[in-house]
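What follows is one structure encoded as structure tokens, with my remarks underneath.
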Amino acid sequence: MSITIHTEPLAYTEFRDFIISSANWFVPSLLQMPNLDEWILKMYHNGSMYYTISGSNIISLIVGYYNREERFLYIPYV
-9 MSITIHTEPL AYTEFRDFII SSANWFVPSL LQMPNLDEWI LKMYHNGSMY
41 YTISGSNIIS LIVGYYNREE RFLYIPYV
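Quick note on numbering: the sequence shown equals residues -9 to 68 in the numbering used here.
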């Protein structure tokens, strides 16, 4: 299996689809967030993306996001 690491931005639909499909990797599930679409949009516009691809599938995604108070890092379990 060949795995490639990418840093160029994903299209918003690819980003959102990956977050939604991996939402249950988190405890509690991201699907329980009342403002999930808003959160996804904020991460997409303000975060730094690193993701790995095997074939044509995204298999992991890291998004670093900085606001005025803290740095957050979201690392799904693969």
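We put the CB at the ideal spot given by N, CA and C, even for glycine.
Only a predicted model underlies this, so the values are computations on that prediction, with no experimental measurement involved.
Do residue j and residue i have their beta-carbon atoms positioned less than 8 Å apart in this structure?
i: methionine 23; j: tryptophan 15; result: no
i: isoleucine 48; j: phenylalanine 8; result: yes
i: histidine -4; j: tyrosine 41; result: yes
Kindly list the residues whose CB is nearer than 7 Å to the CB of residue i, restricted to its own chain and excluding five residues on each side of it in sequence; keep chain order.
i: proline -1; result: Met39
i: leucine 26; result: Leu20
Spatial neighbours of residue i within its chain, please: C-beta separation below 6 Å, excluding the five flanking residues on both sides.
i: leucine 21; result: Ala13
i: isoleucine 18; result: According to the sequence shown, residue 18 is proline rather than isoleucine. Result list for proline 18: empty, nothing under 6 Å.
i: phenylalanine 5; result: Tyr34
i: threonine 3; result: none
Would you identify the three-state DSSP class for residue i, choosing helix, strand or coil?
i: threonine -6; result: strand
i: serine 11; result: helix
i: valine 68; result: Residue placement at valine 68 is poorly supported in this model, since its pLDDT is 48, which falls under 50; the coordinates still yield a value, given next. Coil, per DSSP.
Worksheet item: For the segment 14 to 56, which segments carrying the beta strand (DSSP E) assignment without a break, of at least 3 residues, lie completely within its bounds, in sequence order?
Response: 38 to 44 and 47 to 56
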